[in-house]
Amino acid sequence: MASKNDSTAASQTASQTIDDARGELTAHIEDLLNTLSNKFAGISSEIFAKMDEMSRRLDNLEAQLTANKEKNSGSN
Numbered sequence: 022m023a024s025k026n027d028s029t030a031a032s033q034t035a036s037q038t039i040d041d042a043r044g045e046l047t048a049h050i051e052d053l054l055n056t057l058s059n060k061f062a063g064i065s066s067e068i069f070a071k072m073d074e075m076s077r078r079l080d081n082l083e084a085q086l087t088a089n090k091e092k093n094s095g096s097n
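Quick note, our numbering runs 21 ahead of the 1-based positions in the sequence shown.
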């Protein structure tokens with residue numbers, strides 16, 4: 022009977038160890054996903070900011086070209 026109890030205890034210990042390992046793996050994966058999500062959000066914000074800046078600069082360039090075209094047309 023003692024060996025039966027020993028094998029049951031060993032089985033429960035192994036099961037507990039597996040559950041602990043799964044929990045740790047799950048926690049590490051969640052941390053990794055959160056980190057990646059935060060980095061992605063930061064990069065997305067930077068990209069949108071650069072696109073807004075580029076759009077503003079293109080609008081200014083277009084306005085300058087239009088003004089120069091009107092100036093040259095008016096002097097002829």
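Glycine included, C-beta positions come from ideal geometry on N, C-alpha and C.
These figures come from a predicted structure and were not determined experimentally.
Span separating the alpha-carbon of residue i from that of residue j
| i | j | result |
| --- | --- | --- |
| Leu54 | Thr38 | 24 Å |
| Lys60 | Glu51 | 14 Å |
| Glu91 | Arg78 | 20 Å |
| Asp80 | Lys71 | 14 Å |
| Asn89 | Glu74 | 23 Å |
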